[in-house]
Amino acid sequence: MASVRFTVTPTKAEDLPGLSDTSPDLSSRSGARVRFGSRESVNRSDPLSESLGGVTTVATAAGGGAETPEHSSIEPGEGNSKISSVYINNAHGVDDDDFYDRNLALFEEEMDTRPKVSSLLSRLANYTNLTQGAKEHEEAESIGEKKKASKSPQMGTFMGVYLPCLQNIFGVILFLRLTWVVGTAGILQALCIVFICCCCTMLTAISMSAIATNGVVPAGGSYFMISRSLGPEFGGAVGLCFYLGTTFAGALYILGAVEILLVYIAPKAAIFEGEGAAMLNNMRIYGTIFLLLMSLLVFVGVKYVNKLASIFLACVIVSIISIYVGALVSAFKEPHFPVCMLGNRTINSHDVADDQCNKTVMVQMTDTMETNLTAASENSTMGPTLFPTQTLAMMEKTTFLWEHFCQGPELNASCDEYFKSNNFTKIKGIPGLASGIIAENLWSSYLSKGDVLEKRSLSSSHISHPSSAHHLYVFADITTSFTLLVGIFFPSVTGIMAGSNRSGDLKDAQRSIPIGTILAILTTSIVYLSSVVLFGACIEGVVLRDKFGYSVKGNLVVGTLAWPSPWVIVIGSFFSTCGAGLQSLTGAPRLLQAIAKDNIIPFLRVFGHGKANGEPTWALLLTALIAELGILIASLDLVAPILTMFFLMCYLFVNLACALQTLLRTPNWRPRFSYYHWTLSFLGMTICLALMFISSWYYAIVAMVIAGMIYKYIEYHGAEKEWGDGIRGLSLSAARYALLRLEEGPPHTKNWRPQVLVLLKLDEDAHVKSPRLLTFASQLKAGKGLTIVGTVVPGNFLQSYGEALAAEQTLKHLMDKERVKGFCQCIVAQKPREGISHMIQSSGLGGMKPNTVVMGWPHAWRQSDDPTWKTFINTVRVTTAAHLALLVPKNISLFPSNSEPCTEGYIDVWWIVHDGGMLMLLPFLLRQHKVWRKCAMRIFTVAQMEDNSIQMKKDLATFLYHLRIEADVEVVEMHDSDISAYTYERTLMMEQRSEMLRQMRLSKSDRAREGNPGSSSSRPEAGGATRSQAQLVKDRNSMLRLTSIGSDDDDDTDGGERDRAASGGGSSEHHRRVQMTWTKEKTSQYRATHSGCSTPEGFRDMLSIRPDHSNVRRMHTAVKLNEVIVNKSHDARLVLLNMPGPPRNTDGDENYMEFLEVLTEGLERVLLVRGGGSEVITIYS
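Residue 467 in numbering that gives the first Met the number 0 sits at position 468 of the sequence shown, with consecutive numbering throughout.
Set out below in structure tokens:
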């Protein structure tokens, strides 16, 4: 019994000489592997780490020469370390690529394409998801620094999701507009606005969490989620909308920073003095300067933006805390911010030079004529009041306000009526938390542009006097409404995608994104809702409605509540808005770059490129230009609704994506976040849609039109992407539902349209032989209905599968070229006729089966070695048996292409037998296409001797009138006539040829039955006779010139010659026709010239046969009809006529082809039509 000895040798990476610091981390690969003999399992993808595994185990049989394994040596090579095997008796070693584990020998042949489970799990475990954001750019910009090995993401929920979302959600609206929203809408409606907006973002966050936890979400955030869930069209459209929203958000933040600078920090920095247009121009100039500086900072280095982000976040948090502290302090000690009121109207104290809220003041006169302010007089227009207790003279002096409301500083100057009848009072701007002002601020106070801010609880003169614009009142700058406030406030709740955008930096993205995002939304929602209540409970209503703080000497309204100083809010909000603007200018170009790199919008490809480190330079330039458009608007209140639309549209489609995936129950829809439901997603989608139209219906329509145009552009021009999106799943469900509905019964005649199966043939190089067939089908369809393009690849399916795929690609390329919307079908079969039969039987699904077959005419059918004509007749029989319509264009190479419209001409219809109305419907459908649109339609029908041709014409015209088809009608009379010599001769020739081919086939089958390899030489006379008779057939055919236009043979036979021959006119012509017959004399002459050829018995009596009477009658019909058709329709652009049915007996197949050839001889473009046996057109509505 042989013994087995195991030798275990621990090996560490550091024991190996020559390994550099850049070697892969091998210490994590520990464990033992037992090697039996030379058959070993290797990881070919990483031979170095295998051979340097933590434990090496060698097994040798007893007596086999036990050797001690040594550490592997590393030999220096050309730039690479070549590592020899550490195993003894390793005949194959790591180089044996053909070896697989013994336990999986059954699956050896599949290992090349299907990896083992162990190697698959190993690759998945080592997967790293690197962010496409600023992190790599920051590292790439550090010139001279040693490139560090990529570290695994380490950010948790708090730092990676929660704080970035807080920073993006809290923004300029909280500091500059929330107090104004509360004052205008009242506490109750403001709570409603905030609650609706927060509900919208919360429901969107739930849907986003479900999508984000359904697999790995790379950088790209909402764009990636929507595009992979709803497809490239929706993804591109909504991605661009999200990009535009982020870009306009940058403009909004810059305008907010400029407003804080010019209104609250440095009003004297304004270039243009005054209000209104002057202020807007100041915003434009300073906004452009800010945009240039911020863009330059982003261009120079993203790392500086990221380092400043924490400072900006600290500013936001400190500012919010100071608001809460100030509100609590106001309950005990109110901040001193008096508001001057005239009656119940608010005075703009920001422009009052002497800070006096009085009409007149008492001044003390001294000897040096200096005046010292002693006391304020009563608010009256009476004369000066004397104080007898004063030793010095007291004098009443008018104030700055008097001069503005009166025509001069004199006490007797004429003044404004409202000024005369009302007195000045001072009220507290910040009454405090315990003042009870909340009851007064509960209700709304919407104003129109130019209205004065009034306090309703103050008394005023009963006579209302209109205010003048030059008076020092505080006016409303815009007309306000509930819908307007929704549009202005909504940007303050956006920014919920910040966490999903950083998914690559998170340690556990599928856990952090839902928790961090939802907590951030809850936090901000609580802050917003509590701020609404605090503002309404602490601040006077007129101050809340004062957007720019003119009533409190130009202070920021929310700053008046802050503790310890308004400057905390002013400085904090300035830096936070600057930071938010920088973040928008950093994120928007990367979003555009992600869209451009997906290559779904061709004209955006240039924006996928950038600096060497990947920084999106071109995208940054476009972002700055679009942001400049927002800055030129110059009004915060006008820019906010624009980005509201874009963000709402983005959130709407996030909810739609989640709802669709849930309802369709896609197998891949398995999110880890389980607290979602499709009803919540639909509710969020409904709220988004409602908010879009509530805030601004015209902006909503514009945003939808932009998204729709982008959608159609991507659908039409964009690269096709297959991302397993939900819209595809929805299409499958809708298609299944529609197919099941169609299966319920046959289509009504009114709904009949040609569902075309186009049969194409490929040559040896896999090129389509007759591409004009597909062109004709596209003209017939005009883009409607079902089109299936099929071909048969001869051979065995197992061997010819690759050829079938190549043929399918060829057909798809041709369909794209001809702009045909449809499907391809390639069938591999041993015989083409069997493949076509299978295709006709199996094409389509349910009610979407083809009802019309389009196939080409076999031009070379007269050649004895060409089998296509048999396939052609077999296809005719198959379509007849399947009750399908058949269209056979003859001379298809002469049909016009889609770029060759017919400027004039006729489409002639020869209605010989009723086929369900196909002949009427097809010209109508063709004329819908631009190629045939200018062609007129003519309908010919044939009348026999017993028919009343006049009545037939009237009936046909009435029938066409009821069909609503415009066409000229003509009835052609065909008189009974004797069978001409030409007809008899043609029939005789046809039957002789058929008999000859039959004898040739019999001779060939006799040789095949012998089965002797030398049989061909054993019967030389038979072979020689066959060849001579084949030559005889060819000579006869060339003499008769039977081929039509479009074939390779000569053709100088026309209808005029046949007319003269048939009528007996012209003896020479008649002689020519008669001499074409192979008489006995001509046969003996032929035999004399070909004496070397012997004729077998089967051919001796062939020339003495008499033509079959039924064939003579059929040929007579074909000749007479051809004469009439050529006479009437020789100048037609297209001739449509009934296609006779094939003979029931297969022995007459050659004769059938001859009949069709004679029937269409001399016509340039012919469409043979055979109905499917059902009515396709009706006179009823």
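Glycine included, each C-beta is placed from N, C-alpha and C at the ideal position.
Own chain partners of residue i with C-beta closer than 7 angstroms, once the 5 adjacent residues on each side are dropped
i, result
"Cys649", "Ser221, Val237, Cys240, Phe241, Gly244"
"Leu385", "Per-residue confidence for Leu385 stands at a pLDDT of 46, beneath the threshold of 50, marking its modelled position as unreliable; the derived number appears in the next sentence. Same-chain partners within the cutoff: Met393."
"Phe271", "Ala277, Asn280, Asn281"
Nearest-angstrom Cα separation, counted from residue j out to residue i
i, j, result
"Asp350", "Glu453", "18 angstroms"
"Leu129", "Ile426", "Since pLDDT at Leu129 reaches only 35, below the 50 mark, its modelled position is unreliable, and no value is offered."
"Leu555", "Ala734", "59 angstroms"
"Met1185", "Pro588", "In this structure the chain extends from 0 to 1180, so residue 1185 is not present and cannot be described."
"Leu1039", "Tyr1151", "With a pLDDT of 43 at Leu1039, under the threshold of 50, the predicted position of this residue should be treated as unreliable, though the coordinate-derived value follows. The straight-line gap from Cα to Cα measures roughly 18 angstroms."
"Trp677", "Gln509", "20 angstroms"
"Ala536", "Asn440", "8 angstroms"
"Ala656", "Ala313", "35 angstroms"
"Asp1050", "Ile709", "Bear in mind that the predicted position of Asp1050 carries a pLDDT of just 36, short of 50, making it unreliable; the figure below should be weighed with that in mind. Approximately 56 angstroms, taken between the alpha carbons."
"Ala776", "Ala689", "46 angstroms"
"Gly558", "Ile568", "5 angstroms"
"Met838", "Thr774", "21 angstroms"
"Glu1156", "Glu807", "33 angstroms"
"Ser572", "Ile259", "8 angstroms"
"Pro334", "Val304", "37 angstroms"
"Gly553", "Val317", "22 angstroms"
"Tyr712", "Ile600", "8 angstroms"
"Phe336", "Val542", "10 angstroms"
"Gln363", "Asn357", "17 angstroms"
"Met847", "Leu785", "7 angstroms"
"Tyr472", "Gly486", "27 angstroms"
"Tyr323", "Thr585", "32 angstroms"
"Lys134", "Lys302", "Annotation note: pLDDT 44 at Lys134 (below 50); position unreliable, no value reported."
Strand pairing of residue i, partner residues [DSSP]
i, result
"Met703", "Met703 is not bridged to any residue."
"Leu400", "For Leu400, which the question treats as bridged, DSSP gives no partner whatsoever."
"Asn1137", "Val1168"
"Ala884", "Thr851"
CB contact flag (residue i, residue j, <8 angstroms)
i, j, result
"Ser530", "Leu307", "no"
"Ile495", "Cys164", "yes"
"Val852", "Leu813", "no"
"Gly286", "Ile705", "no"
"Ser694", "Thr482", "yes"
"Val908", "Ile872", "no"
"Glu402", "Thr359", "no"
"Ser583", "Ala256", "no"
"Gly235", "Ile594", "yes"
"Pro410", "Thr398", "The amino acid at residue 410 is misidentified as Pro; the sequence shows Leu. No, the pair does not count as a contact, with Cβ atoms beyond the cut-off."
"Phe311", "Phe474", "no"
"Leu484", "Leu251", "no"
"Gln829", "Ser842", "no"
"Arg1113", "Phe1154", "yes"
"Met329", "Leu560", "Checking the sequence, you will find Ser at residue 329 rather than Met. Yes, these two residues count as a Cβ contact at 8 angstroms."
Residues near residue i in its chain [Cβ-Cβ closer than 6 angstroms; skip 5 each side]
i, result
"Leu591", "Tyr242, Phe606, Ala618"
"Ser769", "Gly855, Ile891"
"Ser900", "One point to set straight first is that residue 900 is Pro, not Ser, in the sequence displayed. Closer than 6 angstroms at the Cβ level, and outside the excluded window around Pro900, lie Lys929, Val930."
"Glu972", "Ala942, Ser948"
Own chain residues within Cβ distance below 8 angstroms of residue i, not counting five before or after
i, result
"Lys953", "none"
Cutoff 8 angstroms: residue i Cβ touching any chain C Cβ
i, result
"Arg735", "Among the protein chains of the structure shown there is no chain C, as only one such chain exists."
Any chance the stretch 639–659 sits against the stretch 684–698, with 3 or more Cβ pairs inside 8 angstroms? Contact annotation: the stretch 639–659 touches the stretch 684–698, with at least three C-beta pairs closer than 8 angstroms.
Determine contact between the stretch 1160–1171 and the stretch 939–956, defined as no fewer than three beta-carbon pairs at a distance below 8 angstroms. Contact between the stretch 1160–1171 and the stretch 939–956 is not established, with fewer than three Cβ pairs separated by less than 8 angstroms.
Touch test, the stretch 884–904 against the stretch 794–804, Cβ-Cβ under 8 angstroms, three pairs minimum: As far as the Cβ criterion goes, the stretch 884–904 does not touch the stretch 794–804, which means the pair count is below three.
Taking contact to mean 3 or more Cβ pairs, one atom from each stretch, closer than 8 angstroms, check whether the stretch 202–215 and the stretch 493–506 are in contact. Contact holds between the stretch 202–215 and the stretch 493–506, because three or more Cβ pairs, one in each stretch, are under 8 angstroms apart.
Mind the definition here: the stretch 167–175 touches the stretch 611–625 only if three or more C-beta pairs lie below 8 angstroms; say whether that holds. As far as the Cβ criterion goes, the stretch 167–175 does not touch the stretch 611–625, which means the pair count is below three.
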